[in-house]
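Read the structure below first, then the notes.
Protein chains in written order, with our numbering: chain A, 3 to 446; chain B, 3 to 446.
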């Protein structure tokens, strides 16, 4: 473990670029199904000593969605392949608790953790896009608070399933013929409001105990779920004061749940555009903007706000809309930004097309490093989820030019010190409950 | 494609060995979670020019199950990793239609097919082990015919989802800004007795159109599902006459469904033990038998028969039991074998411990090749699913010694001629329905 506190970095691989027009730049590559590009991204992020590589996900599509999201490889199978071209970087994927079964999902993440030697992370999503319901034989998407109750129970079930076998339960002793030690198997026998899951899981305990838990809930309910279980929190935050307030609020909730605040890493999204000068970086943003499709950009903003904005006047001030229960982190941040700066709908649309409402950092490597350092030193962030507007160039630029500045300032590692994602994050490996009991008994 | 009809071979990777005591042999490696062993198996099967590598699966476990099944890596993530150490061999996995959602499973297999360059196959299982129900919030396992109705609808939904996008729908044209051609997207809008799935799927059409479909149903209902959709059929068959009758029956059903019989490959399981002589091979079987755990062996037989046999007299003739609706292929074959040879329960237990009721082939490489050739030439099998009693030695032996004999006799390929699993099997790539319509219109 690092003795001084270091920044943590994620590479958010929305592989046709976070900017809606990122894939159209001359040097950019298109394709969330482009395996060679995805390998390059993962290997570049590992070369930059990033903590993790992250794949978002959704369970619905439409030709008018953000291009990076229309068609894409399935995250767990893709991360399994990427585990073979990397050896240290964490491998994180979004998966919904509303549209999967705990037994199936617990197996997939346990398997990824085994295959990768302890590098799996799960971004726990309560299922944000209502259109998914129609793909899962449901009449309607469960409402917000019900989705979070399902999510909380789902995570408890998954943890229970990952504890089906103690760490040394699989003996495979040829002489005695004992394959597993049945005394070290635990039947969960969960009976809850949403799930009845007996167990045990048919895979041994993951190398990390549990995959690292990521959460991005911004609502009151979402923050409580994050504070109770998450080890990484992704967030949409635009200004330092709001970010500081968010971090303070979340850390307060973490303490309320009796957890160590050092075991929760707040990593807001940032979209970096590195230039030789600030002017150069701004020119790149303008070049992207000129290529953006207006309808797609408005649709992306509509999804983030949870309201169809196509009937509103583009040149009137951004309309005030009631909360929709969808993606509140984005909706609240974007509404606040529009109010603060007096943005029209058109201006907010163009802003959102760059990184879906996340913070933009433009300028020289030093300027971008300044922007990261400011929030890190102020305690508003433990690290950042880097959202390159296009691939591979914008990530290459960040790794080649910004990371060295952060390293020179002593803010970021120059080498991995451990092998698992928990090692990189300085997170303890959760002990098996039976081992914890045994340790307590031994100490008494 | 091969001009003369060739045998097809699968490597059934139950990686602690098919024999319940396979893992205990001095040279054997244990572990369905042993990635290095699994890589070796896949690479060895590819070296032997096998058509496919196959992973069975279940959604429940117990310490008294067959050792290879107690804990194991999840098949889709594992096959994704194995796609990186192989380039030609098909990658097949069992997945249940009773305990997953079509949208999730269609994505996983489509993703594997993309990641592997067209090598995915799905063994469609209606969910054989009743204990799985308790892991999926169900009061009880649906009964046999209901499971098959669910399976048939599930497969139709999955096929519809794989046709969400025509083959050339993803345009990604930088100049025009067109990412996907919306006119080539198809909304499934399925409303059925068990599923309501709107679509489209958020991944482009798989390289093979659909993954290759495998089925192993042996009951009347199971055979009809196999005849209507399967391209490979796995079967438990002990003698040539029964195998021939099974093949004739299945091919008759295939014709009844209006399909080409050449598009269904019947591949019964065979457990080979290669020796320098038949006596040497028999000695190896005896060595395995001496290491077998009696309770585990009886439990394996109980599972196959669908009845708990622990209360019966081991030395009385095998009791006659009513059909249970579980794994009828195994139950019928084993009951017939016991009746034919007048086996006691103990004898049937020991037989089943070798390869769970599948055909044993013992002897020199030539003798084993004879046993395969006999069934192949008689039309009782289009190929075989090879079930080595232990790993890696028994598969290595088969590849090093039996495959060359088959090749010398002109019964098996000496090199892959194509790159996809459909190529190896001589199966057509299913045209997209819209393309098929366009072709008809053009011909008129």
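Note that the Cβ used here is the ideal one computed from N, Cα and C, for glycine as well.
| Asked | Found |
| --- | --- |
| Range of the contiguous alpha helix (DSSP H) that encloses residue 150/A | 146-164 |
| Closest by C-alpha distance to residue 173/B, when choosing among 187/B, 165/B, 405/B and 163/B | 187/B |
| Under 8 Å between C-beta atoms of residue 129/A and residue 432/A | no |
| 8 Å Cβ cut-off: residues of chain A touching residue 205/B | 35, 73, 74, 75 and 76 |
| Between the CA atoms of residue 53/B and residue 3/B - distance to the nearest angstrom | Unreliable placement is indicated for residue 3/B, whose pLDDT of 40 sits below 50; the coordinate value is still reported in the next sentence. Distance between the alpha carbons of residue 3/B and residue 53/B: 13 Å. |
| Residue burial classification, residue 416/A (beta-carbon count within 10 angstroms, cutoff 16) | exposed |
| Alpha carbon of residue 30/B to alpha carbon of residue 247/A, nearest angstrom | 59 Å |
| Segment limits, alpha helix (DSSP H) that includes residue 254/B | 242-258 |
| Other residues of its chain near residue 348/B: CB distance less than 7 Å, five sequence neighbours each side excluded | 316 and 317 |
| CA-to-CA distance, residue 28/B to residue 292/B, given in whole angstroms | 13 Å |
| Alpha-carbon spacing of residue 221/B relative to residue 333/B, whole angstroms | 10 Å |
| For residue 53/B: DSSP bridge partner residues | Residue 53/B is not bridged to any residue. |
| For residue 365/B: DSSP bridge partner residues | 276/B |
| Short CB-CB distance (under 8 Å) between residue 197/A and chain B | yes |
| Own chain residues within Cβ distance below 8 Å of residue 158/B, not counting five before or after | 192 and 194 |
| The stretch 239-256 of chain A in contact with the stretch 265-285 of chain A per 3-pair CB rule at 8 Å | yes |
| Residues near residue 345/A in its chain [Cβ-Cβ closer than 8 Å; skip 5 each side] | 319, 320, 339 and 353 |
| Three-pair Cβ contact test at 8 Å for the stretch 43-57 of chain A versus the stretch 76-93 of chain A | yes |
| CB contact flag (residue 263/B, residue 233/B, <8 Å) | no |
| Runs of alpha helix (DSSP H) lying entirely within the stretch 61-102 of chain A, each at least 4 residues, in chain order | 69-72 and 77-84 |
| Span of the beta strand (DSSP E) around residue 14/B | 10-14 |
| Within-8 Å CB hit, residue 262/A to chain B | no |
| Those residues which DSSP pairs with residue 208/B across a bridge | In the DSSP output, where bridge partners are listed per residue, residue 208/B has none listed. |
| Cut-off 7 Å between Cβ atoms - residues of its own chain near residue 65/B, not counting five sequence neighbours on either side | 72 |
| Cβ of residue 182/A within 8 Å of any chain B Cβ | yes |
| Touch test, the stretch 74-82 of chain B against the stretch 423-438 of chain B, Cβ-Cβ under 8 Å, three pairs minimum | no |
| Beta-carbon proximity of residue 19/A to residue 55/A, cut-off 8 Å | no |
| Alpha carbon of residue 168/B to alpha carbon of residue 189/B, nearest angstrom | 11 Å |
| Inter-residue Cα distance where the pair is residue 12/A and residue 95/A | 12 Å |
| Three-state secondary structure (DSSP) of residue 217/A | strand |
| Spatial neighbours of residue 127/B in its chain, beta-carbon cut-off 6 Å, leaving aside the 5 residues before and after | 96 and 98 |
| Minimum Cβ-Cβ distance from residue 136/A to chain B less than 8 Å | yes |
| CB contact below 8 Å: residue 3/B versus chain A | With a pLDDT of only 40 at residue 3/B, under 50, the local geometry of the prediction cannot be trusted, and the value read off the model is given with reservation. With 8 Å as the cut-off, residue 3/B does not count as an interface residue toward chain A. |
| The stretch 378-397 of chain B touching the stretch 322-331 of chain B, judged by at least three CB pairs closer than 8 Å | no |
| Residue 102/A versus residue 252/A - alpha carbon distance | 28 Å |
| CB-CB length for residue 179/A against residue 26/B, believed under 8 Å | 6 Å |
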